[in-house]
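**Student:**
Residue numbers (the numbering used here): 2 to 404.
(1) Whose C-alpha, out of 222, 265, 288, is nearest the C-alpha of residue 298?
(2) List the residues that DSSP assigns as beta-bridge partners of residue 320.
(3) Counting Cβ pairs closer than 8 Å, one from the segment 210-219 and one from the segment 230-237, do we hit at least three?
(4) Helix, strand or coil for residue 352 per DSSP?
(5) First and last residue of the alpha helix (DSSP H) that includes residue 189?
(6) Would you mind giving the Cβ-Cβ distance between residue 39 and residue 57, rounded to the nearest angstrom? I have them listed as a contact below 8 Å.
(7) Determine, using beta carbons only, whether residue 223 and residue 247 come nearer to each other than 7 Å.
(8) Determine the burial state of residue 154: buried for a count of at least 16 other Cβ atoms within 10 Å of its Cβ, exposed for fewer.
(9) Reducing DSSP to helix, strand and coil, say where residue 112 ends up.
(10) Are the beta-carbon atoms belonging to residue 16 and residue 351 less than 7 Å from one another?
(11) Which of helix, strand or coil does DSSP assign to residue 255?
(12) Using beta-carbon positions only, say whether residue 251 and residue 275 come within less than 7 Å of one another.
(13) Excluding sequence positions up to five away, which residues of its chain have a Cβ less than 8 Å from the Cβ of residue 110?
(14) Are residue 99 and residue 91 close, meaning C-beta to C-beta below 7 Å?
(15) Can you check whether the CB of residue 35 is closer than 7 Å to the CB of residue 1?
(16) Looking at C-beta atoms only, is the number of pairs between the segment 367-383 and the segment 158-175 that lie closer than 8 Å three or more?
(17) Is residue 70 closer than 7 Å to residue 46 when the C-beta atoms are compared?
(18) Indicate whether the contact test is met: 3 or more Cβ pairs, each with one atom in the segment 137-157 and one in the segment 109-123, closer than 8 Å.
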(Lines of atoms letter the chains of each structure in order from A; the text may use other names.)
(Lines give C-alpha, C1' and ligand atoms only; values in the text may rest on other atoms or scores of the structure.)
Protein backbone atom coordinates (compact mmCIF):
# COMPACT_ATOMS: atom_id res chain seq x y z
CA UNK A 2 0.00 0.00 0.00
CA UNK A 3 1.21 3.47 -0.95
CA UNK A 4 0.52 6.04 1.77
CA UNK A 5 1.08 9.78 1.61
CA UNK A 6 1.20 12.14 4.58
CA UNK A 7 -0.16 15.39 3.21
CA UNK A 8 0.80 18.93 4.12
CA UNK A 9 -1.92 20.66 6.13
CA UNK A 10 -3.50 23.30 3.90
CA UNK A 11 -6.18 24.79 6.11
CA UNK A 12 -5.52 28.34 7.35
CA UNK A 13 -4.38 28.88 10.03
CA UNK A 14 -2.15 25.83 9.50
CA UNK A 15 -2.28 22.93 11.92
CA UNK A 16 1.04 21.49 13.07
CA UNK A 17 -0.24 18.02 14.09
CA UNK A 18 0.54 14.91 12.06
CA UNK A 19 -1.25 11.57 11.69
CA UNK A 20 2.03 9.63 12.05
CA UNK A 21 5.30 10.71 13.66
CA UNK A 22 8.68 10.05 12.02
CA UNK A 23 9.51 7.19 14.41
CA UNK A 24 6.10 5.62 13.89
CA UNK A 25 6.63 5.70 10.12
CA UNK A 26 10.08 4.17 10.56
CA UNK A 27 8.71 1.35 12.70
CA UNK A 28 5.87 0.67 10.25
CA UNK A 29 8.23 0.40 7.28
CA UNK A 30 10.37 -2.07 9.21
CA UNK A 31 7.37 -4.15 10.25
CA UNK A 32 5.42 -4.07 6.97
CA UNK A 33 7.67 -4.29 3.88
CA UNK A 34 4.57 -3.91 1.70
CA UNK A 35 4.15 -0.33 2.92
CA UNK A 36 5.48 2.65 0.95
CA UNK A 37 5.19 5.99 2.79
CA UNK A 38 5.92 9.41 1.29
CA UNK A 39 5.77 12.70 3.17
CA UNK A 40 4.79 15.96 1.51
CA UNK A 41 7.18 18.72 2.66
CA UNK A 42 5.76 21.24 5.12
CA UNK A 43 7.18 24.19 7.08
CA UNK A 44 4.48 23.99 9.74
CA UNK A 45 4.61 20.49 11.24
CA UNK A 46 5.54 19.89 14.86
CA UNK A 47 7.88 17.22 13.47
CA UNK A 48 10.20 18.87 10.96
CA UNK A 49 10.93 17.60 7.46
CA UNK A 50 14.46 16.81 8.65
CA UNK A 51 13.10 14.51 11.36
CA UNK A 52 11.21 12.48 8.75
CA UNK A 53 14.31 12.32 6.56
CA UNK A 54 16.42 11.22 9.54
CA UNK A 55 13.92 8.41 10.11
CA UNK A 56 14.43 7.22 6.53
CA UNK A 57 11.32 8.75 4.98
CA UNK A 58 11.32 10.27 1.50
CA UNK A 59 9.96 13.81 1.06
CA UNK A 60 8.04 14.39 -2.14
CA UNK A 61 5.71 17.14 -3.31
CA UNK A 62 3.78 15.00 -5.80
CA UNK A 63 1.56 12.43 -4.08
CA UNK A 64 -0.53 11.56 -7.13
CA UNK A 65 0.59 7.90 -7.07
CA UNK A 66 -0.55 7.36 -3.47
CA UNK A 67 -3.52 5.12 -2.67
CA UNK A 68 -4.23 6.52 0.79
CA UNK A 69 -3.66 10.13 1.84
CA UNK A 70 -3.53 10.96 5.54
CA UNK A 71 -4.11 14.44 6.95
CA UNK A 72 -5.59 16.01 10.07
CA UNK A 73 -7.85 18.98 9.27
CA UNK A 74 -10.04 19.69 6.24
CA UNK A 75 -8.20 19.65 2.92
CA UNK A 76 -8.75 22.80 0.80
CA UNK A 77 -10.81 22.02 -2.28
CA UNK A 78 -8.09 23.07 -4.72
CA UNK A 79 -5.64 20.65 -3.08
CA UNK A 80 -7.84 17.53 -3.33
CA UNK A 81 -6.47 14.86 -5.69
CA UNK A 82 -9.31 13.07 -7.55
CA UNK A 83 -9.94 9.32 -7.25
CA UNK A 84 -8.09 8.85 -3.95
CA UNK A 85 -8.82 7.64 -0.45
CA UNK A 86 -8.45 10.39 2.15
CA UNK A 87 -8.50 10.29 5.94
CA UNK A 88 -9.07 13.59 7.75
CA UNK A 89 -11.51 15.36 10.04
CA UNK A 90 -13.98 16.75 7.49
CA UNK A 91 -16.43 18.52 9.82
CA UNK A 92 -19.29 17.62 7.48
CA UNK A 93 -21.07 14.77 9.28
CA UNK A 94 -23.14 17.14 11.43
CA UNK A 95 -24.18 19.06 8.31
CA UNK A 96 -21.87 21.97 9.05
CA UNK A 97 -22.89 24.66 6.52
CA UNK A 98 -19.36 26.04 6.17
CA UNK A 99 -18.07 22.74 4.75
CA UNK A 100 -20.91 21.88 2.37
CA UNK A 101 -18.85 22.93 -0.66
CA UNK A 102 -16.01 20.70 0.52
CA UNK A 103 -18.28 17.64 0.62
CA UNK A 104 -19.71 18.54 -2.80
CA UNK A 105 -16.17 18.75 -4.22
CA UNK A 106 -15.20 15.41 -2.66
CA UNK A 107 -18.18 13.77 -4.37
CA UNK A 108 -17.41 15.49 -7.68
CA UNK A 109 -13.78 14.32 -7.54
CA UNK A 110 -14.78 10.70 -6.80
CA UNK A 111 -12.88 10.68 -3.51
CA UNK A 112 -13.47 8.09 -0.81
CA UNK A 113 -13.51 10.15 2.37
CA UNK A 114 -12.92 8.37 5.65
CA UNK A 115 -13.60 10.69 8.56
CA UNK A 116 -11.60 9.89 11.70
CA UNK A 117 -14.60 10.92 13.79
CA UNK A 118 -16.61 7.91 12.59
CA UNK A 119 -13.91 5.22 12.61
CA UNK A 120 -15.53 2.84 15.08
CA UNK A 121 -15.24 -0.71 16.35
CA UNK A 122 -18.04 -3.25 16.02
CA UNK A 123 -19.73 -1.91 19.14
CA UNK A 124 -19.84 1.59 17.69
CA UNK A 125 -17.09 3.02 19.90
CA UNK A 126 -14.63 5.46 18.34
CA UNK A 127 -11.14 4.02 17.94
CA UNK A 128 -9.16 7.18 17.20
CA UNK A 129 -9.34 10.75 18.46
CA UNK A 130 -7.41 13.77 19.67
CA UNK A 131 -10.07 14.29 22.32
CA UNK A 132 -7.96 13.85 25.45
CA UNK A 133 -5.53 16.55 24.32
CA UNK A 134 -8.37 18.85 23.24
CA UNK A 135 -9.73 18.54 26.77
CA UNK A 136 -6.33 19.12 28.36
CA UNK A 137 -5.60 22.25 26.31
CA UNK A 138 -9.21 23.45 26.61
CA UNK A 139 -9.30 23.24 30.39
CA UNK A 140 -5.88 24.88 30.66
CA UNK A 141 -6.88 27.74 28.38
CA UNK A 142 -10.17 28.11 30.23
CA UNK A 143 -8.21 28.57 33.46
CA UNK A 144 -5.90 31.00 31.63
CA UNK A 145 -8.90 33.03 30.47
CA UNK A 146 -10.40 33.20 33.95
CA UNK A 147 -7.05 34.34 35.35
CA UNK A 148 -6.77 37.02 32.67
CA UNK A 149 -10.29 38.20 33.36
CA UNK A 150 -10.10 38.34 37.15
CA UNK A 151 -6.37 39.18 37.49
CA UNK A 152 -6.38 36.61 40.33
CA UNK A 153 -3.40 34.66 38.90
CA UNK A 154 -1.26 34.43 35.80
CA UNK A 155 -1.32 31.31 33.64
CA UNK A 156 0.35 31.38 30.20
CA UNK A 157 -1.48 29.78 27.28
CA UNK A 158 -0.89 26.05 26.85
CA UNK A 159 1.07 26.56 23.64
CA UNK A 160 3.73 28.43 25.66
CA UNK A 161 4.66 25.19 27.42
CA UNK A 162 6.89 22.53 25.90
CA UNK A 163 4.52 19.74 26.85
CA UNK A 164 1.87 18.69 29.34
CA UNK A 165 4.47 17.77 31.97
CA UNK A 166 5.87 21.29 32.00
CA UNK A 167 2.39 22.79 32.30
CA UNK A 168 1.54 20.44 35.17
CA UNK A 169 4.66 21.52 37.04
CA UNK A 170 3.64 25.16 36.59
CA UNK A 171 0.24 24.53 38.20
CA UNK A 172 2.01 23.85 41.48
CA UNK A 173 3.26 27.46 41.50
CA UNK A 174 -0.20 29.03 41.05
CA UNK A 175 -2.15 30.30 44.04
CA UNK A 176 -5.62 29.41 42.79
CA UNK A 177 -8.46 31.54 44.18
CA UNK A 178 -11.76 30.24 45.48
CA UNK A 179 -13.51 29.39 42.20
CA UNK A 180 -16.07 26.92 40.91
CA UNK A 181 -15.70 25.09 37.60
CA UNK A 182 -18.47 23.07 35.96
CA UNK A 183 -17.22 20.53 33.42
CA UNK A 184 -19.66 18.83 31.05
CA UNK A 185 -19.14 15.44 29.44
CA UNK A 186 -17.84 12.00 30.32
CA UNK A 187 -15.73 11.04 27.30
CA UNK A 188 -12.14 11.57 26.19
CA UNK A 189 -12.44 15.37 26.00
CA UNK A 190 -14.03 15.85 29.40
CA UNK A 191 -11.75 13.35 31.10
CA UNK A 192 -8.73 15.14 29.62
CA UNK A 193 -10.07 18.39 31.08
CA UNK A 194 -10.60 16.71 34.45
CA UNK A 195 -6.93 15.63 34.40
CA UNK A 196 -5.89 19.28 34.28
CA UNK A 197 -8.20 20.34 37.10
CA UNK A 198 -7.04 17.49 39.31
CA UNK A 199 -3.38 18.13 38.50
CA UNK A 200 -3.95 21.77 39.43
CA UNK A 201 -5.30 20.74 42.83
CA UNK A 202 -8.99 21.47 42.30
CA UNK A 203 -11.24 19.43 44.58
CA UNK A 204 -13.73 17.22 42.74
CA UNK A 205 -17.30 17.47 44.06
CA UNK A 206 -20.45 15.59 43.15
CA UNK A 207 -23.00 17.69 41.22
CA UNK A 208 -25.15 18.08 44.32
CA UNK A 209 -22.18 19.02 46.51
CA UNK A 210 -21.14 21.55 43.88
CA UNK A 211 -24.52 23.24 43.85
CA UNK A 212 -24.67 23.41 47.65
CA UNK A 213 -20.97 23.83 48.50
CA UNK A 214 -19.86 27.10 50.02
CA UNK A 215 -16.32 26.10 51.04
CA UNK A 216 -13.30 28.14 50.06
CA UNK A 217 -10.75 26.99 47.49
CA UNK A 218 -10.90 25.82 43.88
CA UNK A 219 -13.50 23.10 43.17
CA UNK A 220 -15.05 21.44 40.15
CA UNK A 221 -17.76 19.00 39.22
CA UNK A 222 -18.08 16.83 36.12
CA UNK A 223 -21.56 16.37 34.68
CA UNK A 224 -22.74 13.33 32.76
CA UNK A 225 -25.78 13.57 30.46
CA UNK A 226 -28.28 12.73 33.21
CA UNK A 227 -27.00 15.69 35.22
CA UNK A 228 -27.86 18.30 32.58
CA UNK A 229 -30.84 16.91 30.63
CA UNK A 230 -34.16 15.35 31.61
CA UNK A 231 -37.07 13.87 29.64
CA UNK A 232 -39.76 16.29 28.52
CA UNK A 233 -42.40 13.65 29.20
CA UNK A 234 -43.94 14.12 32.62
CA UNK A 235 -42.95 11.43 35.11
CA UNK A 236 -40.37 9.84 32.75
CA UNK A 237 -36.88 8.93 33.92
CA UNK A 238 -33.63 9.58 32.10
CA UNK A 239 -32.78 6.74 29.73
CA UNK A 240 -29.36 6.94 28.08
CA UNK A 241 -30.20 4.82 25.05
CA UNK A 242 -33.32 6.92 24.43
CA UNK A 243 -31.41 10.18 24.87
CA UNK A 244 -28.74 9.12 22.39
CA UNK A 245 -31.37 7.99 19.87
CA UNK A 246 -33.90 10.78 20.44
CA UNK A 247 -32.25 13.79 22.13
CA UNK A 248 -35.11 16.00 20.97
CA UNK A 249 -37.27 14.34 23.63
CA UNK A 250 -35.14 15.92 26.35
CA UNK A 251 -34.82 19.37 27.89
CA UNK A 252 -31.93 21.11 29.64
CA UNK A 253 -31.77 21.09 33.45
CA UNK A 254 -28.42 22.92 33.51
CA UNK A 255 -29.85 26.19 34.85
CA UNK A 256 -28.82 25.71 38.53
CA UNK A 257 -25.15 25.52 37.50
CA UNK A 258 -25.32 28.89 35.73
CA UNK A 259 -26.11 30.45 39.11
CA UNK A 260 -23.07 29.10 40.99
CA UNK A 261 -20.27 28.34 38.51
CA UNK A 262 -17.55 30.85 37.60
CA UNK A 263 -16.08 28.89 34.70
CA UNK A 264 -17.74 26.38 32.37
CA UNK A 265 -15.72 23.86 30.37
CA UNK A 266 -17.86 22.19 27.70
CA UNK A 267 -16.54 18.80 26.66
CA UNK A 268 -19.60 16.97 25.33
CA UNK A 269 -20.38 15.46 21.95
CA UNK A 270 -23.46 17.41 20.89
CA UNK A 271 -26.24 16.25 18.57
CA UNK A 272 -28.02 19.03 16.66
CA UNK A 273 -31.36 17.72 17.95
CA UNK A 274 -30.32 17.98 21.60
CA UNK A 275 -31.25 20.96 23.79
CA UNK A 276 -28.82 23.79 24.37
CA UNK A 277 -27.50 24.12 27.91
CA UNK A 278 -29.12 27.56 28.04
CA UNK A 279 -30.47 30.10 25.59
CA UNK A 280 -29.05 33.46 24.58
CA UNK A 281 -32.01 35.02 26.38
CA UNK A 282 -31.17 33.15 29.59
CA UNK A 283 -27.60 34.45 29.41
CA UNK A 284 -28.99 37.97 29.96
CA UNK A 285 -30.27 37.08 33.44
CA UNK A 286 -28.70 38.93 36.36
CA UNK A 287 -28.11 35.67 38.21
CA UNK A 288 -26.21 34.09 35.27
CA UNK A 289 -22.89 33.85 37.12
CA UNK A 290 -20.61 32.14 34.59
CA UNK A 291 -17.87 34.57 33.56
CA UNK A 292 -15.82 32.33 31.25
CA UNK A 293 -16.85 29.51 28.89
CA UNK A 294 -14.18 27.23 27.45
CA UNK A 295 -16.17 25.54 24.69
CA UNK A 296 -14.01 22.61 23.64
CA UNK A 297 -17.02 21.11 21.82
CA UNK A 298 -17.01 24.24 19.62
CA UNK A 299 -20.13 23.76 17.54
CA UNK A 300 -20.87 27.13 15.97
CA UNK A 301 -24.15 28.87 16.84
CA UNK A 302 -27.00 28.64 16.08
CA UNK A 303 -26.46 24.86 15.73
CA UNK A 304 -24.59 24.65 19.01
CA UNK A 305 -24.93 23.61 22.64
CA UNK A 306 -23.58 27.04 23.69
CA UNK A 307 -25.39 29.96 21.97
CA UNK A 308 -22.49 32.35 22.56
CA UNK A 309 -20.04 30.25 20.50
CA UNK A 310 -20.38 32.60 17.56
CA UNK A 311 -17.18 31.48 15.86
CA UNK A 312 -14.05 29.45 16.48
CA UNK A 313 -11.25 31.48 17.99
CA UNK A 314 -7.62 30.82 17.11
CA UNK A 315 -4.45 29.91 18.94
CA UNK A 316 -3.14 33.36 18.06
CA UNK A 317 -6.32 35.06 19.36
CA UNK A 318 -7.82 32.51 21.74
CA UNK A 319 -10.50 34.58 23.46
CA UNK A 320 -13.34 36.85 22.45
CA UNK A 321 -15.95 38.56 24.57
CA UNK A 322 -19.69 37.93 24.30
CA UNK A 323 -22.12 40.71 25.13
CA UNK A 324 -25.34 38.99 26.30
CA UNK A 325 -27.46 42.14 25.91
CA UNK A 326 -26.59 42.53 22.24
CA UNK A 327 -25.85 38.83 21.59
CA UNK A 328 -22.71 39.71 19.70
CA UNK A 329 -18.93 39.34 19.90
CA UNK A 330 -16.94 42.12 21.54
CA UNK A 331 -13.44 42.65 22.88
CA UNK A 332 -12.50 40.18 25.65
CA UNK A 333 -12.23 40.92 29.37
CA UNK A 334 -14.77 43.76 29.37
CA UNK A 335 -17.31 44.42 32.16
CA UNK A 336 -20.74 42.76 31.85
CA UNK A 337 -19.53 40.35 29.18
CA UNK A 338 -18.71 36.65 29.13
CA UNK A 339 -15.34 35.53 27.83
CA UNK A 340 -15.35 32.77 25.24
CA UNK A 341 -12.41 30.42 24.56
CA UNK A 342 -13.47 28.51 21.43
CA UNK A 343 -10.31 27.30 19.71
CA UNK A 344 -11.29 24.42 17.39
CA UNK A 345 -7.82 22.89 17.03
CA UNK A 346 -6.83 22.77 20.69
CA UNK A 347 -4.64 19.65 20.41
CA UNK A 348 -2.39 21.76 18.20
CA UNK A 349 -1.21 23.46 21.40
CA UNK A 350 0.33 20.10 22.44
CA UNK A 351 1.09 18.91 18.92
CA UNK A 352 3.87 16.39 19.53
CA UNK A 353 2.17 14.70 22.49
CA UNK A 354 -1.16 14.66 20.66
CA UNK A 355 0.28 13.43 17.35
CA UNK A 356 2.15 10.51 18.89
CA UNK A 357 -0.94 9.40 20.78
CA UNK A 358 -3.07 9.71 17.63
CA UNK A 359 -0.55 7.72 15.58
CA UNK A 360 -0.52 4.95 18.15
CA UNK A 361 -4.29 4.65 17.88
CA UNK A 362 -4.17 4.68 14.07
CA UNK A 363 -1.53 1.94 13.96
CA UNK A 364 -3.31 -0.26 16.51
CA UNK A 365 -6.89 0.03 15.28
CA UNK A 366 -7.13 1.44 11.76
CA UNK A 367 -4.07 0.47 9.71
CA UNK A 368 -4.74 -3.30 10.03
CA UNK A 369 -8.07 -2.72 8.27
CA UNK A 370 -6.36 -0.97 5.35
CA UNK A 371 -3.73 -3.69 5.12
CA UNK A 372 -6.34 -6.45 5.06
CA UNK A 373 -5.09 -7.94 8.32
CA UNK A 374 -8.53 -7.37 9.84
CA UNK A 375 -11.97 -6.71 8.41
CA UNK A 376 -14.58 -5.47 10.85
CA UNK A 377 -16.26 -3.33 8.16
CA UNK A 378 -14.71 -0.30 9.87
CA UNK A 379 -13.71 1.25 6.54
CA UNK A 380 -17.22 0.90 5.16
CA UNK A 381 -18.78 2.39 8.29
CA UNK A 382 -16.45 5.41 8.15
CA UNK A 383 -16.75 6.10 4.40
CA UNK A 384 -18.63 9.37 4.25
CA UNK A 385 -18.31 9.22 0.47
CA UNK A 386 -17.73 6.26 -1.83
CA UNK A 387 -17.82 5.81 -5.62
CA UNK A 388 -18.93 9.36 -6.31
CA UNK A 389 -21.79 9.39 -3.84
CA UNK A 390 -22.54 9.36 -0.14
CA UNK A 391 -21.49 6.20 1.68
CA UNK A 392 -24.16 3.73 2.83
CA UNK A 393 -24.12 5.05 6.41
CA UNK A 394 -24.30 8.72 5.41
CA UNK A 395 -27.40 8.93 3.26
CA UNK A 396 -28.86 11.28 5.88
CA UNK A 397 -26.55 13.97 4.44
CA UNK A 398 -28.40 13.98 1.09
CA UNK A 399 -30.37 17.19 1.65
CA UNK A 400 -27.34 18.90 3.16
CA UNK A 401 -25.19 17.85 0.19
CA UNK A 402 -27.72 19.02 -2.39
CA UNK A 403 -28.48 22.40 -0.82
CA UNK A 404 -27.12 25.56 -2.36
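All C-beta atoms in this analysis are idealised placements derived from N, C-alpha and C, irrespective of residue type, glycine included.
**Tutor:** Here's the rundown:
(1) For this step, residue 298 is matched to residue 297 along the chain shown. Checking every option, the nearest Cα to that of residue 298 belongs to 265.
(2) For the purposes of this step, residue 320 is taken as the residue at position 319 of the chain shown. Looking at the DSSP assignment, residue 320 forms a beta bridge with 340.
(3) no
(4) Translated into the one-based positions of the chain shown, residue 352 becomes position 351. Residue 352 falls in the helix class under three-state DSSP.
(5) As a first step, residue 189 must be located in the chain shown, where it is residue number 188. First-last of the alpha helix (DSSP H) with residue 189: 188-199.
(6) Working through the chain shown from its first residue, we reach residue 39 at position 38. Working through the chain shown from its first residue, we reach residue 57 at position 56. With 8 Å as the limit, residue 39 and residue 57 qualify as a contact, their Cβ atoms being about 5 Å apart.
(7) For the purposes of this step, residue 223 is identified with residue 222 of the chain shown, where counting begins at 1. For the purposes of this step, residue 247 is identified with residue 246 of the chain shown, where counting begins at 1. Not closer than 7 Å, so no.
(8) Taking the chain shown and counting its residues from 1, the one referred to as residue 154 is at position 153. With fewer than 16 other Cβ atoms within 10 Å, it is exposed.
(9) Taking the chain shown and counting its residues from 1, one reaches residue 112 at position 111. Here residue 112 sits in strand by DSSP.
(10) Taking the first residue of the chain shown as 1, we reach residue 16 at position 15. Taking the first residue of the chain shown as 1, we reach residue 351 at position 350. Their beta carbons are under 7 Å apart, which means residue 16 touches residue 351 by this criterion.
(11) The residue given as residue 255 occupies position 254 in the chain shown. It is helical.
(12) Taking the chain shown and counting its residues from 1, one reaches residue 251 at position 250. Taking the chain shown and counting its residues from 1, one reaches residue 275 at position 274. Yes, the Cβ-Cβ distance between residue 251 and residue 275 is below 7 Å.
(13) Walking along the chain shown from the start, residue 110 turns up at place 109. Counting only Cβ-Cβ distances below 8 Å, and skipping sequence neighbours, we find 82, 83, 387, 388.
(14) Working through the chain shown from its first residue, we reach residue 99 at position 98. Working through the chain shown from its first residue, we reach residue 91 at position 90. Against a cut-off of 7 Å, the Cβ pair of residue 91 and residue 99 comes out as a contact.
(15) Look at the range of the chain in this structure, 2 to 404, and you will see that residue 1 is not part of it.
(16) no
(17) Here the question's residue 46 lines up with position 45 in the chain shown. Here the question's residue 70 lines up with position 69 in the chain shown. Their beta carbons are not under 7 Å apart, which means residue 46 does not touch residue 70 by this criterion.
(18) no
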